[in-house]
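Just so we're aligned: the sequence shown equals residues 1 to 389 in full-length UniProt numbering.
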Amino acid sequence: MRISRRYETVALFLVGFVCLAILLFTDNFDSLSGFHDEQPPPLQNERLLANDTLDGPPIIFQEIPKCTENMSSANISGFSQLPNHIKDFLRYRHCRHFPILIDAPEKCGKTPKDSSNVFLLLMIKSSPLNYDRREVIRKTWGRERLEDGVWIRRIFVSGVSGNEVDAHRYGSLLQIESLEHNDILQFDFIDSFYNLTLKQILFLQWMELRCPHIHFLLNGDDDIFANTDNMVEFLKGQKENDGDKHLFTGHLISHVGPIREVHSKYYIPVQVQESNSYPPYCGGGGFLLSRFTAKTIHNMSHGIELLPIDDVYMGMCLQKAALKPTSHNGVKTAGFHVPSQTLDAFDPCYYRELLLVHRFLPHQTAVMWAKIHNPHVRCGISVTHELPK
1 MRISRRYETV ALFLVGFVCL AILLFTDNFD SLSGFHDEQP PPLQNERLLA NDTLDGPPII
61 FQEIPKCTEN MSSANISGFS QLPNHIKDFL RYRHCRHFPI LIDAPEKCGK TPKDSSNVFL
121 LLMIKSSPLN YDRREVIRKT WGRERLEDGV WIRRIFVSGV SGNEVDAHRY GSLLQIESLE
181 HNDILQFDFI DSFYNLTLKQ ILFLQWMELR CPHIHFLLNG DDDIFANTDN MVEFLKGQKE
241 NDGDKHLFTG HLISHVGPIR EVHSKYYIPV QVQESNSYPP YCGGGGFLLS RFTAKTIHNM
301 SHGIELLPID DVYMGMCLQK AALKPTSHNG VKTAGFHVPS QTLDAFDPCY YRELLLVHRF
361 LPHQTAVMWA KIHNPHVRCG ISVTHELPK
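In structure tokens form, the structure reads like this:
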């Protein structure tokens with residue numbers, strides 16, 4: 001009898017041990033493989049502020065309540081016939097304040113006053129999933145460095161994915177990038193084409209807190225090729241303007257208005273803007289502006305309803321301030337076209353003369369940056385003379 005009970009005890013112990021081993025193995029396997037049956041926890045408002053490393057009192061971002069839907073938007077004439085993305089824009093058009101998920105408090109210096117040491121800040125709008133674009137920018141034209149005696153700094157501005165699983169996944173990626181490069185600024189809003197203006201305004205608000213004394217700013221997309229060497233040369237050549245006077249230059253667009261074609265990416269119905277004309281503006285792929293103009297745009301934005309076309313909205317803010325954008329022949333946000341079909345559109349000699357070209361793939365950026373800095377590449381004078389206007 002005692003032997004039987006002893007065997008029962010041993011058997012129960014062995015069964016329990018095996019079950020425990022299986023449970024532990026399964027948990028470890030899931031952790032190692034990265035696969036989980038359950039959904040990841042909701043994206044938390046994690047902030048990489050590191051305020052305790054700042055000299056002087058820290059900048060505190062207050063907790064921001066969730067912005068609620070404007071129910072009265074349904075009363076707008078023709079609202080029910082609008083596409084869903086337009087309806088969403090109108091419902092949340094009033095929302096301008098969103099929490100910071102990832103911050104870069106020392107991007108421009110230990111304190112905001114130290115930001116005067118930054119000559120050119122590269123503000124690059126980037127979707128969370130565009131890791132490959134950010135990586136090539138870090139290694140090429142966006143490399144933080146001392147260029148011709150002045151400092152260039154870089155910040156990528158992003159929102160979150162509309163899908164909760166992707167938001168958690170890419171949020172983790174951005175945190176890894178932030179810890180390694182200190183160049184991520186992420187806000188808790190859906191990163192979409194129709195929220196680009198919101199991204200713009202939130203960045204300008206952040207800039208006034210973190211980098212109020214930078215001299216100049218490149219405002220660009222993550223698929224541009226920027227000759228930042230030439231930008232520094234151009235900006236240093238601005239006589240009697242160290243960033244404290246108006247400058248807003250790029251590919252100038254004027255005498256155009258809202259696109260009313262419902263299938264267009266840039267569709268703007270009368271419910272969003274009644275006027276059939278836009279003020280002059282610079283193409284949103286990339287433009288240069290001074291500290292003075294950036295602050296002016298931010299101040300003007302408080303009194304102008306958001307428009308989903310971000311570059312046009314910048315023009316609206318300039319118009320309200322009685323300022324004008326200007327054209328620069330070296331900015332090609334509509335693409336670069338060589339003078340003749342017999343010429344190579346990727347000849348580095350053209351890009352040595354330019355400031356910015358829109359629509360570059362990551363591998364094209366890497367190759368072109370290497371080519372324009374290759375001392376063995378010789379460019380004749382004729383290339384400069386044939387540069388298209």
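Where a beta carbon is used, it is the ideal one built from N, C-alpha and C, also for glycine.
Remember, predicted model here, so these are calculated numbers, not experimental data.
Grouping DSSP H, G and I as helix and E and B as strand, with all else coil, what is residue i?
i: glutamate 177; result: helix
i: arginine 153; result: strand
i: arginine 145; result: strand
i: glycine 56; result: Confidence is the limiting factor: at glycine 56 the pLDDT is only 40, short of 50, which leaves the residue's position unreliable, though a coordinate-based value still follows. Here glycine 56 sits in coil by DSSP.
i: leucine 204; result: helix
i: glycine 380; result: coil
i: phenylalanine 119; result: strand
i: threonine 140; result: coil
i: valine 160; result: strand
Using only the alpha-carbon positions, how far apart do residue i and residue j sit?
i: arginine 291; j: methionine 368; result: 29 Å
i: alanine 104; j: methionine 123; result: 13 Å
i: lysine 245; j: leucine 252; result: 19 Å
i: serine 319; j: glycine 220; result: The sequence shown places glutamine at residue 319, rather than the serine named in the question. Distance between the alpha carbons of glutamine 319 and glycine 220 is about 21 Å.
i: alanine 321; j: cysteine 211; result: 22 Å
i: arginine 260; j: phenylalanine 89; result: 16 Å
i: proline 99; j: methionine 207; result: 15 Å
i: leucine 101; j: asparagine 130; result: 18 Å
i: lysine 324; j: leucine 356; result: 20 Å
i: cysteine 108; j: proline 83; result: 41 Å
Less than 8 Å between the CB atoms is what I'm expecting for residue i and residue j, so what's the real figure, rounded?
i: leucine 174; j: serine 161; result: The Cβ separation is near 11 Å, so there is no contact.
i: phenylalanine 119; j: phenylalanine 216; result: 7 Å
i: tyrosine 266; j: isoleucine 309; result: 6 Å
i: threonine 333; j: glycine 250; result: 7 Å
i: glycine 335; j: arginine 359; result: 6 Å
Within the same chain, show all residues whose beta-carbon is closer than 7 Å to that of residue i, passing over the 5 residues directly before and after it, in chain order.
i: aspartate 311; result: Tyr281, Cys282, Gly283 and Gly284
i: aspartate 191; result: Ser127, Pro128, Ser158, Gly159, Val160 and Ser161
i: isoleucine 176; result: none
i: asparagine 241; result: Leu247 and Ser290
Let me make sure I understand the geometry here. Which of the options has the alpha-carbon closest to that of residue i?
i: residue 393; options: Arg91, Ser277, Arg133 and Ala226; result: The requested residue 393 is not part of the displayed model; the chain covers only 1 to 389.
i: tryptophan 151; options: Gly220, Glu233, Thr365 and Ile86; result: Glu233
i: glutamate 274; options: Pro258, Leu288 and Val262; result: Pro258
i: lysine 113; options: His213, His85 and Phe193; result: His213
i: phenylalanine 268; options: Pro65, Ile86, Lys66 and Gln81; result: Looking at the sequence itself, residue 268 is isoleucine, so the reference to phenylalanine does not match. The shortest Cα separation from isoleucine 268 among Pro65, Ile86, Lys66 and Gln81 belongs to Ile86.
i: phenylalanine 287; options: Lys236, Gly330, Leu218 and Gln238; result: Leu218
i: asparagine 75; options: Arg143, Thr296, Gly149 and Arg91; result: Arg91
Can you list, in chain order, the residues of its chain whose CB lies under 8 Å from that of residue i, leaving out five sequence neighbours each side?
i: arginine 93; result: Asn70, Ser73, Glu305 and Leu306
Distance cutoff 8 Å, beta carbons only. Does residue i sit that close to anything in chain D?
i: histidine 358; result: Looking for chain D here will not work: only one protein chain is present.
Report all residues from its chain with a CB closer than 6 Å to the CB of residue i; omit the five preceding and five following residues, and keep chain order.
i: serine 33; result: Reliability of the predicted coordinates at serine 33 is poor, the pLDDT of 33 falling under 50, and no value is obtained from them.
i: valine 338; result: Ala345
i: aspartate 222; result: Ile124, Ser126, Asn130 and Arg133
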